[in-house]
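Taking it in order: structure first as structure tokens, then the write-up.
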Amino acid sequence: MNAAWQRLWSLLRLGGAIALLARGEPAWAVALLLITPLGLLLLFLTLAPPGPTQRQASLAQRLRAWAKECVVNERVFGLDQPWRAGDQAPALAVSARGDKGVLLLHGFCCNRGLWRPWVARLQAAGVPVMALTLEPAFGSIDAYADPIDAAVRQLHAATGHMPVIVAHSMGGLAARAWWRAHGARHTQAPRLISLGTPHLGTRIATLSPATNARQMRCGSSWLAQLPPMPDVDCLWSPCDQIVQPAGNACQPGARLHRVDATGHLALIDTPEAWALLQRALLSDPQLSDA
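UniProt numbering applies: residue 1 is where the sequence shown begins, and numbers increase by one.
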């Protein structure tokens with residue numbers, strides 16, 4: 001579903017710009033092409049303080065984060081998710097070494113195409129990997145628990161180990177919802193690496209009437225009843241323009257890892273995220289560096 005409307009938006013934006021150029025209106029064509037970067041700029045310039053104990057991002061850090069976010073946004077929403085979400089087959093590549101597997105969970109308004117660079121890199125290294133598209137796109141986060149459990153079991157059967165779960169944004173809450181629904185059936189908790197997950201909610205969720213967005217609102221009853229997972233690394237950034245305040249990306253009791261000058265979507269491209277995964281595959285936890 002997400003891929004279809006993202007393809008439509010890409011075609012409308014490009015087609016509209018070409019039509020405006022043909023009519024001799026280049027300024028409007030450029031404005032149409034820049035609508036997303038300008039919207040992102042407004043978000044970065046109006047960031048709320050990350051929290052009472054965290055230092056706020058400087059203007060220079062916000063602008064660097066904005067520039068990186070624009071690039072990643074175009075790749076993810078202009079190419080990987082609308083056009084290349086199906087390029088990841090086989091979703092599960094079994095390693096002869098019996099390594100741990102990796103389960104990749106995307107966030108709100110995304111699909112498995114978000115993880116295309118990760119899947120390619122992990123498959124090249126012979127690491128078993130699965131990337132899910134969580135459906136329904138705008139339904140309850142609880143609905144994602146069963147497909148996540150099926151993927152966890154498939155990876156466990158292929159490797160003999162619980163997989164490492166890497167989750168961006170809402171995907172981290174989906175992992176916690178899965179653990180609430182199915183955790184008692186597993187003898188071991190998986191390692192969860194959450195990238196910009198609104199563990200404590202986000203104010204921006206009030207802009208959407210979708211069920212999963214309402215669940216992610218600050219102070220929602222659904223969030224209040226969601227138990228934490230026991231083995232979690234939280235990668236967060238004070239320049240996160242989606243999780244607001246940014247400190248809400250930190251699950252209480254988790255290992256916290258701060259990344260500066262990085263926006264919400266660009267967290268998936270940080271060396272810190274990949275390094276956390278490598279340590280998790282080696283079962284080498286790192287102390288908090290919040």
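For glycine and all other residues, C-beta sits at the position ideal for the given N, C-alpha and C.
Note that the structure is predicted; figures quoted are calculated from it, not measured.
Should residue i go down as buried or exposed, given a rule of 16 or more other Cβ atoms within 10 Å for buried?
i, result
"V71", "exposed"
"E69", "buried"
"Q244", "buried"
"Q188", "exposed"
"P209", "exposed"
"I242", "buried"
"A57", "buried"
Quick check: what's the CA-CA separation for residue i versus residue j?
i, j, result
"L12", "P82", "13 Å"
"L105", "A145", "11 Å"
"C239", "A157", "39 Å"
"V76", "T197", "18 Å"
"F44", "V119", "29 Å"
"N212", "G24", "43 Å"
"M162", "L14", "44 Å"
"G126", "R116", "15 Å"
"Q251", "L192", "11 Å"
"A167", "A22", "43 Å"
"L155", "T53", "39 Å"
"I268", "S169", "10 Å"
"A266", "R121", "17 Å"
"G263", "L79", "19 Å"
"G247", "A48", "10 Å"
"G39", "R214", "22 Å"
"S10", "E74", "10 Å"
"L34", "R64", "17 Å"
"Q6", "L42", "22 Å"
"P26", "I18", "9 Å"
"S283", "L8", "42 Å"
"S221", "Q123", "39 Å"
"R153", "T46", "43 Å"
"T206", "G139", "15 Å"
"T270", "P136", "28 Å"
"W28", "Q278", "46 Å"
Specify, as a first and last residue, the run of the beta strand (DSSP E) that residue i falls within.
i, result
"A57", "Element bounds for A57: n/a, residue is neither H nor E."
"V129", "129-131"
"R255", "255-258"
Which same chain residues end up closer than 6 Å to residue i when comparing Cβ atoms and leaving out the 5 residues on each side of it in sequence?
i, result
"R176", "L226, M229"
"L223", "G201"
"W179", "M229"
"D260", "Q61"
"A85", "A3, N111, R112, G113"
"G172", "S194, T197"
"H199", "Q251"
"G51", "P245, G247"
Identify every residue that forms a DSSP beta bridge with residue i.
i, result
"V164", "V102"
"I193", "V166, D233"
Could you check where the alpha helix (DSSP H) with residue i kicks off and where it finishes?
i, result
"D146", "145-159"
"R214", "211-215"
"L45", "35-45"
"V243", "Counting along the chain, V243 falls outside any alpha helix (DSSP H), and DSSP gives it neither H nor E."
"V119", "116-124"
"S221", "221-224"
"R23", "Taken as a continuous stretch (DSSP letters only), R23 belongs to no alpha helix (DSSP H), as it is neither H nor E."
"E135", "Taken as a continuous stretch (DSSP letters only), E135 belongs to no alpha helix (DSSP H), as it is neither H nor E."
"Q251", "Premise fails: Q251 is in no alpha helix (DSSP H) and is neither H nor E."
"A50", "Just to set this straight, residue 50 is Pro in the shown sequence, not Ala. Element bounds for P50: n/a, residue is neither H nor E."
Identify, in the order they occur along the chain, each residue of the same chain with its Cβ nearer than 7 Å to the Cβ of residue i, setting aside the five sequence neighbours on each side.
i, result
"R203", "C218, Q244"
"G253", "P228"
"A151", "L103, M130, L132"
"A280", "V164, R191, I193"
"F108", "S169, M170, N212, A213"
"A249", "G196, T197, P198, H199, C234, W236, D240, V243"
"P37", "C70"
"residue 353", "This structure cannot speak to residue 353, because the chain is shown only from 1 to 290."
Could you name the residues of the same chain whose beta carbon sits closer than 8 Å to that of residue i, not counting the 5 residues immediately before and after it, in chain order?
i, result
"P90", "Unreliable positioning characterises P90 in this predicted model, as indicated by a pLDDT of 44, which lies under 50. The coordinate reading is nonetheless provided below. Taken in chain order, the list of residues that qualify is empty."
"A174", "L105, L134, I141, Y144, A145, I148, A167"
"R55", "P238"
"A67", "none"
Can you determine whether any heavy atom of the ligand ADP sits closer than 6 Å to the C-beta of residue i, and answer yes or no?
i, result
"S220", "The ligand ADP is not part of this structure, which contains no ligands at all."
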